[in-house]
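So the protein lines, in turn, are chains A and B.
Here the first sequence stands for residues 1 to 69, numbered as in UniProt numbering.
Here the second sequence stands for residues 1 to 166, numbered as in UniProt numbering.
From the three backbone atoms N, C-alpha and C, an ideal C-beta is built for every residue, glycine too.
Working notes, structure below.
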Amino acid sequence: MLKNRVKELRARYSYTQGQLGEKAGVTRQTIGFIEKGEFSPSITLSLKLAHILECKVDELFWLEGEEWK
Amino acid sequence: MKKDFRVQYPLWQISFMLIFFIIAFIISGATTSYFNDKTSFSYSIQLEALEGGIMFLIIPVYLIMMIILSSKVSKYNKEHPTKKISVWRTKPLEYLEDDEAWQMITRAATQKVYTFFTWSLPLSAVFHLIIPTTKLLIILNIVILSLVQYLIFYVHVRKHVTEEEG
Numbered sequence: 001m002l003k004n005r006v007k008e009l010r011a012r013y014s015y016t017q018g019q020l021g022e023k024a025g026v027t028r029q030t031i032g033f034i035e036k037g038e039f040s041p042s043i044t045l046s047l048k049l050a051h052i053l054e055c056k057v058d059e060l061f062w063l064e065g066e067e068w069k
Numbered sequence: 001m002k003k004d005f006r007v008q009y010p011l012w013q014i015s016f017m018l019i020f021f022i023i024a025f026i027i028s029g030a031t032t033s034y035f036n037d038k039t040s041f042s043y044s045i046q047l048e049a050l051e052g053g054i055m056f057l058i059i060p061v062y063l064i065m066m067i068i069l070s071s072k073v074s075k076y077n078k079e080h081p082t083k084k085i086s087v088w089r090t091k092p093l094e095y096l097e098d099d100e101a102w103q104m105i106t107r108a109a110t111q112k113v114y115t116f117f118t119w120s121l122p123l124s125a126v127f128h129l130i131i132p133t134t135k136l137l138i139i140l141n142i143v144i145l146s147l148v149q150y151l152i153f154y155v156h157v158r159k160h161v162t163e164e165e166g
């Protein structure tokens, strides 16, 4: 399963889902889907989010368990 | 998002299809006469009292629904000037393509609908081949298929809208 730290890093910058979504060019709901692990973002969106949250993509998203196989 | 007109649009389509079926049911049971020659053309429908009464009520309901639908479309377009919608475009109004997550949800919903039609259309064809078919039965079949189509789409999208707001 694709895990992420979007919620944690978003809180660090005190961004709301709406603010982060606006910066990344997506809806507030999409940020919510990503945080809950219901939606795996594209490489483009992952790069944008990592840039906004000032971290590397693999610090923001990583695979766990069966997904590696 | 729950109140987004595009999310609710399949319910409007379901309502219109149900009204259409009632009108089709009444017209198919009515006495109709059709006359056409070089100088004149006439088409008349004679209804019984009950059917006439229902028709008298349902046509204004249909027109009122059309007015409400038009006002909802124009309200949506005022609120979203960069993402205007129109009932006249070929792409269905219910598609949610605001960003990649909503595109994925729309894609999954349309896949479910496609799967439904993959099975229901051949079965419908076989049904009408075997069962003695009337015009009304064919219309009923189309109405049922479209109701299920919109219901599948609505339920799938609604599930995500509810999760996201919950």
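Going by DSSP in three states, A:Leu53 sits in which element: helix, strand or coil? coil
So what's B:Tyr34 in DSSP terms, helix, strand or just coil? strand
Give every residue of the same chain whose Cβ lies closer than 7 Å to the Cβ of A:Gly18, excluding the five residues on either side of it in the sequence, and list them in chain order. Arg28
Taking A:Gly37 as the reference, give the member of A:Phe61, A:Leu45 and A:Lys23 with the closest Cα. A:Phe61
Can you tell me which of the three DSSP states B:Trp102 falls into? helix
Starting from B:Ile14, trace the beta strand (DSSP E) both ways and give me its first and last residue. No beta strand (DSSP E) holds B:Ile14; the alpha helix (DSSP H) holding it covers Phe5 to Gly29.
When the distance is taken between beta carbons, is B:Phe5 closer than 8 Å to B:Tyr95? no
Counting pairs of beta carbons, one from the stretch 85 to 104 of chain B and one from the stretch 5 to 14 of chain B, are three or more of them closer than 8 Å? yes
With residue 170 of chain B as the anchor, note down where its beta strand (DSSP E) starts and where it stops. The structure shown does not extend to residue 170 of chain B, since chain B is modelled only from 1 through 166, so no value can be given for it.
Take every Cβ of the stretch 22 to 33 of chain B, pair it with every Cβ of the stretch 49 to 58 of chain B, and state whether three or more of those distances are shorter than 8 Å. yes
Cross-chain neighbours of B:Trp102 in chain A, by beta carbon under 8 Å: Thr27, Gln29 and Thr30
With a cut-off of 8 Å on the beta carbons, I'd call B:Met1 and B:Val161 a contact; round off their distance for me. 5 Å
Buried or exposed, going by whether 16 or more other CB atoms sit within 10 Å of the CB of B:His156? buried
According to DSSP, simplified to helix, strand and coil, what is A:Phe39? coil
For A:Glu66, does the count of other Cβ atoms within 10 angstroms reach 16, so buried, or fall short, so exposed? exposed
What are the partner residues of A:Lys3, as DSSP defines its beta bridges? A:Trp62
Would a C-beta distance cut-off of 8 Å place A:Leu20 and A:Cys55 closer than the cut-off? no
Give the secondary structure of B:Pro60 by DSSP, where H, G and I count as helix, E and B as strand, and everything else as coil. helix
Count the other CB atoms within 10 Å of the CB of B:Asn154; is the residue buried (16 or more) or exposed (fewer)? For clarity, residue 154 of chain B is Tyr in the given sequence; the question names Asn instead. Under this definition B:Tyr154 is a buried residue.
Residues within the stretch 42 to 60 of chain A neighbouring chain B, beta-carbon criterion of under 8 Å: Ser42 and Leu45
So, at 6 Å on beta carbons, what are the nonlocal neighbours of B:Ile131 in its own chain, with the 5 sequence-adjacent residues on each side left out? none
Report the neighbours of B:Met1 on chain A: residues whose CB is nearer than 7 Å to its CB, in chain order. Gln29
Selection from A:Ser40, A:Tyr15, A:Tyr13 and A:Ser14 that minimises the alpha carbon distance to B:Gln103: A:Ser40
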